[in-house]
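Read top to bottom, the protein sequences are chains A and B.
Residue numbers for the first sequence follow our numbering, beginning at 1 and rising by one.
Residue numbers for the second sequence follow our numbering, beginning at 1 and rising by one.
The structure appears right after this line, and notes come after that.
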Amino acid sequence: MSILEPRAEPSRRMVLAAPLIAAVAMLLTGSLVFLALGQAPLHAFAVFFLEPLSTAYGVGELFLKATPLILCGVGLALAFRANVQNIGADGQLTMGAIAAGCVALAFPREHAFWLLPLMLLAGALAGMAWAAIPAFLRTRFHTNEILVSLMLVYVAYLLLSYLVHGPLRDPEGFNFPQSQMFAPAALLPLLVDGLRVNLAFPLSLVAVIASWFFCQRSLAGFRMQVSGMAPAAATYAGFSEKGNVWLAFLASGALAGIAGVGEVAGPIGQLQPTVSPGYGFAAIIVAYVGRLHPLGVLLASLLMSLLYLGGETAQINLQLPSAITGLFQGLLLFYLLAADVFIRYRLKPRRAVPVTATENAQAAAPQGSGA
Amino acid sequence: MDLLIAFLASTAGAATPLVLAAMGELIAERAGVINLGVEGMMLIGAVTGFSVTLATGHIGLGLFAAMVAGVAASLIFAFLVLTLQANQVATGLALTLFGIGFSAFEGRSLLGQTVTPLPHLQIPVLSDLPFLGPLLFRFDILVYLSVLVVLAASWILARTRLGLIIRAVGESPRSAHAIGVPVIGLRYGAVLFGGAMAGVAGAYLSVSLTPMWVEGMTAGRGWIAVAQVVFATWKPRGILIGAYLFGGVTVLQFQGQAMGLTVPSEFLSMLPYLATIAVLVIIGRNPRTILLNRPMSLGQNFRPDS
Numbered sequence: 001m002s003i004l005e006p007r008a009e010p011s012r013r014m015v016l017a018a019p020l021i022a023a024v025a026m027l028l029t030g031s032l033v034f035l036a037l038g039q040a041p042l043h044a045f046a047v048f049f050l051e052p053l054s055t056a057y058g059v060g061e062l063f064l065k066a067t068p069l070i071l072c073g074v075g076l077a078l079a080f081r082a083n084v085q086n087i088g089a090d091g092q093l094t095m096g097a098i099a100a101g102c103v104a105l106a107f108p109r110e111h112a113f114w115l116l117p118l119m120l121l122a123g124a125l126a127g128m129a130w131a132a133i134p135a136f137l138r139t140r141f142h143t144n145e146i147l148v149s150l151m152l153v154y155v156a157y158l159l160l161s162y163l164v165h166g167p168l169r170d171p172e173g174f175n176f177p178q179s180q181m182f183a184p185a186a187l188l189p190l191l192v193d194g195l196r197v198n199l200a201f202p203l204s205l206v207a208v209i210a211s212w213f214f215c216q217r218s219l220a221g222f223r224m225q226v227s228g229m230a231p232a233a234a235t236y237a238g239f240s241e242k243g244n245v246w247l248a249f250l251a252s253g254a255l256a257g258i259a260g261v262g263e264v265a266g267p268i269g270q271l272q273p274t275v276s277p278g279y280g281f282a283a284i285i286v287a288y289v290g291r292l293h294p295l296g297v298l299l300a301s302l303l304m305s306l307l308y309l310g311g312e313t314a315q316i317n318l319q320l321p322s323a324i325t326g327l328f329q330g331l332l333l334f335y336l337l338a339a340d341v342f343i344r345y346r347l348k349p350r351r352a353v354p355v356t357a358t359e360n361a362q363a364a365a366p367q368g369s370g371a
Numbered sequence: 001m002d003l004l005i006a007f008l009a010s011t012a013g014a015a016t017p018l019v020l021a022a023m024g025e026l027i028a029e030r031a032g033v034i035n036l037g038v039e040g041m042m043l044i045g046a047v048t049g050f051s052v053t054l055a056t057g058h059i060g061l062g063l064f065a066a067m068v069a070g071v072a073a074s075l076i077f078a079f080l081v082l083t084l085q086a087n088q089v090a091t092g093l094a095l096t097l098f099g100i101g102f103s104a105f106e107g108r109s110l111l112g113q114t115v116t117p118l119p120h121l122q123i124p125v126l127s128d129l130p131f132l133g134p135l136l137f138r139f140d141i142l143v144y145l146s147v148l149v150v151l152a153a154s155w156i157l158a159r160t161r162l163g164l165i166i167r168a169v170g171e172s173p174r175s176a177h178a179i180g181v182p183v184i185g186l187r188y189g190a191v192l193f194g195g196a197m198a199g200v201a202g203a204y205l206s207v208s209l210t211p212m213w214v215e216g217m218t219a220g221r222g223w224i225a226v227a228q229v230v231f232a233t234w235k236p237r238g239i240l241i242g243a244y245l246f247g248g249v250t251v252l253q254f255q256g257q258a259m260g261l262t263v264p265s266e267f268l269s270m271l272p273y274l275a276t277i278a279v280l281v282i283i284g285r286n287p288r289t290i291l292l293n294r295p296m297s298l299g300q301n302f303r304p305d306s
């Protein structure tokens, strides 16, 4: 006995309502968590969600932390639309950071204007190269891209760890596992004095617009989405399945790589053992919550960024564990998946009237005529 | 020689969590459900097992609690996927992300503490045998139990009515449903079994192998376990081979330096991940291997009354 019955057609209203329902359900569960931790829920919410935005600096931080999420999220949304499961964005981000770091450290005293563009290019290429591995293995050897892209995340982490403990360690850094600070010319210019948000944020908005155009207005984007939604139709129309996989991986890899550049050439300013608190994984949630739509990704990134900020504020002001952020992120995705069910199904109405004889006869009729 | 014995003996410790987690995932997949939440369930098991052991001083209780926690985590997944028809891949990812967040949250007060690890067996005479003693008779009980589980699962899948039904549900849920098998109920059972095994596997890491709680301590082992199922071509005995192979590769990173390898430790640590990719390439190179062995309905949801 199922409690669900299929709708005649998918509900467009539920497509948009599901993320909101999920967010509200997350907040309700969150208040239970706050209660369990001995906090007054309303006060805790105010600290978690409002206090970070009460200063200009906080708003700057919101955009700063949203930037890598937007970049990775836009790329992942593209890939997921093509039914390519790239879940290794955090590795591609790390490789982008490493490449940009190598460029910056190779020219420690350079003031030229071309240094930053070169870093962005190197980062994008490194992200693409890292994403090309699962693309190649899937198209050539039918290897599962979920597992390969994920394994490469750990490899990228370890490579970064090796570099900052070894060849790229700052010789004057008191043996700390980190590189030299980048030269000022290798840092992304700040948008507003006193805030940390930098040029990467407008870049991420460009990515949002470009990806919208790609999906809505370009033939390649159309092909990619057909391949994702109806692979058989795409094959019949002669769209290359391999081309689709490559395009999805390279695009999402490049964007994740740029996100990595934005971190090391932005708030971090050097190479460190960790350059991302899991932005590449949070971006998976962002892509789903944003309905795989560029504009949705933008909004979902801001929400997710607020979760990061709220976690930090709650740790400072309420002595709550900042790990609460990860808990909320996971809950959000669970609730979204549950709410998504109602796009295609609805709750079965309870029958008030018992099944009548005529209905029984009708139900039996097709079987009778078939025999 | 001593080094070699130490290497082989510690391989069993590193292989056991993989054996347990991969075995659970294998049963779920044979019933047609792919659960990518193994990593998350292992982390939840690890933190629960450790905290209960720390609080009660009783490892058995800790392992049992980890099993219950794994079942509870997999119940969320099962409800979403089997009852609410959510996408299996997305829901599995969600379970992993939730497990990472939940375990970090739960484990915040446990950092830096340790428990007495699971004791190793001391069988009179046998454990003292030269060579064979350390190689076969000096492990903790879970090492032996994990092998037993694989043998039992192999027998159940191949030789019993229950095994036949599990395989039927995985190959063709519609046919199984038509002859009166409760497909959804059976899939619930398979997924919860997978959760129990992943929970114990995680706890094995935190109460026996390291014995402490570290954030994200599974370090991708849950994902490697998922890959193991492919490597084993969905057959239990392949799990043992694969897990011990990977156990050996994992131990290399700890024993490599002692054995005189001068490679930086980070590169040795990359080996299990690179080996996983290599293994997937080898298995996937011939698409027929996968097509012939993969449960036909893997990843597809089934609605009994549609």
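Ideal Cβ positions, reconstructed from N, Cα and C, are used throughout, including at glycine.
Remember, it's a predicted structure, so these values are computed and weren't measured experimentally.
Contact note: B:Trp223 reaches chain A through Leu147, Leu150 and Met151, using a C-beta cutoff of 8 Å and chain order. Look at B:Phe98: its C-beta is under 8 Å from a C-beta on chain A. B:Leu18 is outside the set of residues whose beta carbon lies under 8 Å from a beta carbon in chain A. Sequence-distant Cβ neighbours of B:Gly299 in its own chain, meaning closer than 6 Å and more than five residues away, are Ile34 and Gln88. Residues of chain A with a Cβ closer than 7 Å to the Cβ of B:Thr91 are, in chain order, Leu337. Here DSSP, grouped into helix, strand and coil, assigns A:His43 to helix. Here the alpha carbons of A:Gly269 and A:Gly260 stand approximately 11 Å from one another. Of the residues A:Gly280, A:Leu205 and A:Thr143, the one whose Cα lies closest to the Cα of B:Val281 is A:Thr143.
Contact annotation: B:Ser208 and B:Pro272 have beta-carbon atoms that are not nearer than 8 Å.
Counting only runs that start and end inside the stretch 113-197 of chain A, the alpha helix (DSSP H) elements of at least 4 residues fall at 115-141 and 145-165. The way I'd put it, the stretch 82-96 of chain A does touch the stretch 238-249 of chain A; three or more beta-carbon pairs between them come closer than 8 Å. A:Thr313 has its alpha-carbon roughly 11 Å from the corresponding atom of A:Thr325.
For the set A:Ala22, A:Ser322, A:Leu32 and A:Leu255, the Cα lying nearest the Cα of A:Ala210 is the one of A:Leu255. By the criterion of a C-beta distance shorter than 7 Å, B:Val226 is surrounded in its chain by Glu25, Leu36 and Val38, once the five residues flanking it on both sides are discounted. With contacts defined by Cβ atoms closer than 8 Å, A:Ala126 and A:Ala106 do not form a contacting pair. As the crow flies, the alpha-carbon of B:Gly60 is around 48 Å from that of A:Ile258. Secondary structure of B:Met217 (DSSP, three-state): coil. Distance from the CA of A:Leu152 to the CA of A:Gly91, rounded to the nearest whole angstrom, comes to 6 Å. B:Gly101 is positioned such that its CB atom lies closer than 8 Å to that of A:Leu327. Between B:Gly199 and B:Ala66, the gap from beta carbon to beta carbon is short of 8 Å. Residues Asn35, Leu36 and Gly37 of the same chain have their beta carbon placed closer than 6 Å to that of B:Gly92, with the five preceding and five following residues left out of the count. Relative to the Cα of B:Gln122, the nearest Cα in the group B:Met296, B:Pro287 and B:Arg138 belongs to B:Arg138. With its beta carbon at least 8 Å from every one in chain A, B:Val200 lies outside the interface. With respect to the C-alpha of A:Tyr335, the residue from B:Met270, B:Ile76 and B:Ala28 having the closest C-alpha is B:Ile76. For A:Arg346, there is no enclosing alpha helix (DSSP H); the enclosing beta strand (DSSP E) covers residues Tyr345 to Leu347. Put simply, of A:Leu307, A:Lys348, A:Ala323 and A:Tyr345 the residue whose alpha carbon is nearest the alpha carbon of A:Gly58 is A:Leu307. In the DSSP annotation of this structure, the continuous segment of the alpha helix (DSSP H) that includes A:Leu27 starts and ends at Arg12 to Ala36.
With fewer than 16 neighbouring CB atoms inside 10 Å of its own CB, A:Ala112 falls in the exposed class. Sorting A:Gln329, A:Ser305, A:Ile316 and A:Leu295 by C-alpha distance to the C-alpha of A:Leu16 places A:Leu295 at the top. When rounded, the separation of the alpha-carbon atoms in A:Arg109 and A:Ala265 is 15 Å. Against B:Phe105, the close residues of chain A are Pro321, Ala323, Ile324, Gly326 and Leu327, in the order they occur along the chain (beta-carbon pairs closer than 8 Å).
If you draw a straight line from the Cα of B:Ala15 to the Cα of A:Leu320, it comes to about 37 Å. Of the candidates A:Ala338, A:Pro273, A:Leu250 and A:Gln180, A:Leu250 places its Cα closest to the Cα of A:Ala89. Taken through DSSP and simplified to helix, strand or coil, A:Asp340 comes out as helix.
Within the same chain, and ignoring the five residues on either side of A:Ala25 in sequence, the residues whose Cβ sits closer than 6 Å to its Cβ are Tyr335.
Taking a cut-off of 8 Å on C-beta distances, the stretch 186-203 of chain B does not touch the stretch 238-253 of chain B, as fewer than three cross pairs fall below it.
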